[in-house]
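Engineer: Take the sequence shown: its position 51, counted from the start at 1, is 51 in UniProt numbering, and no numbers get skipped.
Every residue, glycine too, gets a C-beta built ideally from N, C-alpha and C.
These figures come from a predicted structure and were not determined experimentally.
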Amino acid sequence: MTLTTTRFDWVRQLVHRESAIVLAPGKEYLVEARLLPVARTMGLTDVDQLVDTVRGRPHPDDTRRIVEALTTNETSWFRDGDPFTALTSTVLPSLTAARGPAERLQIWSAACSSGQEAYTIAMLLEDALPNAASRVSITATDISREMVERTRAGRFSQLEVNRGLPAPMLVRHFTRAGSEWEVSPALRRMVSARECNLAAPLPRMGPFDVVYLRNVLIYFDLPTKQAILRRVRELMRPDGWLFLGAAETTLGVDDSWSRVVVGRSSAYRPLKGA
1 MTLTTTRFDW VRQLVHRESA IVLAPGKEYL VEARLLPVAR TMGLTDVDQL
51 VDTVRGRPHP DDTRRIVEAL TTNETSWFRD GDPFTALTST VLPSLTAARG
101 PAERLQIWSA ACSSGQEAYT IAMLLEDALP NAASRVSITA TDISREMVER
151 TRAGRFSQLE VNRGLPAPML VRHFTRAGSE WEVSPALRRM VSARECNLAA
201 PLPRMGPFDV VYLRNVLIYF DLPTKQAILR RVRELMRPDG WLFLGAAETT
251 LGVDDSWSRV VVGRSSAYRP LKGA
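1) Count the C-beta pairs between the region 99-109 and the region 125-136 that are closer than 8 Å, then say yes if the count reaches three, no if not.
2) Can you tell me the Cα-Cα spacing of residue 154 and residue 247, whole angstroms?
3) Hey, would you say residue 91 sits closer than 9 Å to residue 191, going by beta carbons?
4) Return the chain-ordered ranges of every alpha helix (DSSP H) run that is complete within the region 145-203 and spans a minimum of 4 residues.
5) Pull up the DSSP beta-bridge partners for residue 211, would you.
6) Return the Cβ separation of residue 3 and residue 47 in integer angstroms, given the expectation that the two are a contact with Cβ distance under 8 Å.
7) For residue 97, tell me which candidate among 239, 245 and 37 has the shortest Cα-Cα distance.
8) Measuring straight from C-alpha to C-alpha, what distance separates residue 80 and residue 249?
9) Which ranges does the alpha helix (DSSP H) cover as unbroken runs of at least 4 residues, wholly within the region 76-104, from first to last along the chain?
10) Look at residue 199 and residue 83 and say whether their C-beta atoms are less than 9 Å apart.
11) Does the distance from the C-beta atom of residue 76 to that of residue 163 stay below 9 Å?
12) Quick one: residues in its chain with C-beta nearer than 7 Å to the C-beta of residue 10, no 5 flanking neighbours on either side, listed in chain order?
13) Classify residue 131: buried if its beta carbon has 16 or more other beta carbons within 10 angstroms, exposed otherwise.
14) For residue 184, tell me which candidate among 123, 265 and 252 has the shortest Cα-Cα distance.
15) Take residue 147 as the anchor and find which of 112, 32, 218 and 128 has the nearest alpha-carbon.
16) What would DSSP say about residue 134, mapped onto helix, strand or coil?
17) Per the DSSP calculation, residue 10 is bridged to which residue(s)?
18) Using CA atoms only, rank isn't needed, just tell me which of 88, 30, 67 and 68 is closest to residue 265.
19) Could you tell me the alpha carbon to alpha carbon distance between residue 12 and residue 58, rounded to whole angstroms?
20) Considering only the alpha carbon of each residue, which of 173, 270 and 252 lies closest to residue 222?
21) Between residue 189 and residue 208, is the Cβ-Cβ spacing less than 9 Å?
22) I'd like the list of long-range same chain contacts for residue 202, defined as Cβ closer than 7 Å, with 5 residues on each side in sequence excluded.
23) For residue 21, tell me which candidate among 143, 270, 272 and 269 has the shortest Cα-Cα distance.
24) For a quick check, are the C-beta atoms of residue 117 and residue 173 less than 9 Å apart?
If you want it as structure tokens, here you go:
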């Protein structure tokens with residue numbers, strides 16, 4: 001059964017209000033597929049009943065479940081690898097040269113899903129920097145409470161580690177934990193996870209030397225993209241580096257950034273005085 005127009009409009013208005021994510025017409029089947037497990041978890045028959053129940057008796061936990069179910073949690077290790085190559089080849093040498101020996105590097109993995117990006121960064125820095133656990137702080141954030149909890153746990157299934165994680169790194173940085181793989185204590189010390197809605201006022205964090213905000217802006221309308229980029233810039237060091245997804249850019253969105261080619265990747269840096 002396809003959602004009625006009225007019910008679908010209620011869902012997309014809720015999602016836009018709570019997360020600024022835009023669900024265009026034609027996404028009814030996606031909404032049904034994502035929300036059916038939520039309905040069944042709540043003991044309801046179908047998505048129609050879920051929508052009617054939450055509309056009639058709204059509760060913050062129920063609306064959060066709906067919003068989280070409709071956020072995209074696609075991720076993998078070393079996803080679109082060029083931004084990670086740029087980190088170790090160019091960004092890290094630049095930052096370590098500019099910072100004092102006692103300064104910690106602060107990196108933000110925004111919309112981190114279940115943590116693969118944050119731990120990818122941690123593995124690279126653990127291999128590249130002596131005593132990296134005491135020199136680097138990685139903040140991993142996501143709108144989904146479930147994804148934040150998974151990042152904190154640092155445990156991944158065999159299927160998950162098979163998605164892009166090189167075998168030597170698996171052996172070096174993970175240990176078996178039953179049927180799962182658990183990140184090493186050194187990686188765990190580098191990564192902290194917290195909830196964060198990018199479309200709302202951001203929590204006090206940073207200032208960050210590097211921000212990975214990849215494959216996120218594509219889900220928002222132009223005013224929301226502009227607001228997010230402004231808030232992110234406010235949390236960055238003046239000589240910081242921002243990495244976006246391959247299909248994303250600040251050009252035509254926010255003119256307070258300069259684009260820099262880094263190897264086969266691109267990064268964005270705050271313009272002075274912006």
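Structural biologist: For this structure:
1) Taking a contact to require three or more Cβ pairs closer than 8 Å, the region 99-109 and the region 125-136 qualify as touching.
2) Rounded to the nearest whole angstrom, the CA to CA distance from residue 154 to residue 247 is 29 Å.
3) Pairing residue 91 with residue 191 gives a Cβ-Cβ distance that is not under 9 Å.
4) The qualifying runs are 145-153, 158-161, 167-173 and 185-190.
5) Answer is 108 and 242.
6) About 6 Å; that satisfies the 8 Å criterion.
7) The option with the nearest alpha carbon to residue 97 is 239.
8) Taken atom to atom, the span from the alpha-carbon of residue 80 to that of residue 249 is near 15 Å.
9) Counting whole runs of 4 or more residues, the region 76-104 contains the alpha helix (DSSP H) stretches 82-86 and 92-98.
10) No, they are not a contact pair.
11) Taking C-beta atoms as the reference points, residue 76 and residue 163 count as a pair closer than 9 Å.
12) Short of 7 Å from the beta carbon of residue 10, and not among the five residues preceding or following it, lie these beta carbons of its own chain, in chain order: 51 and 55.
13) With fewer than 16 other Cβ atoms inside 10 Å of its own Cβ, residue 131 counts as exposed.
14) For residue 184, the closest C-alpha among the options 123, 265 and 252 is that of 123.
15) Looking at the Cα atoms, 112 is the closest of the given residues.
16) Helix, per DSSP.
17) DSSP links residue 10 through a beta bridge to no other residue.
18) Per the Cα distances, 88.
19) Roughly 15 Å between the two C-alpha positions.
20) It is 252 whose Cα lies nearest to the Cα of residue 222.
21) Taking 9 Å as the Cβ cut-off, residue 189 and residue 208 do not qualify as a contacting pair.
22) Within the same chain, residue 202 has close Cβ partners 196, 231 and 235.
23) Closest in C-alpha terms to residue 21, from the list 143, 270, 272 and 269, comes 143.
24) Taking C-beta atoms as the reference points, residue 117 and residue 173 fail to come closer than 9 Å.
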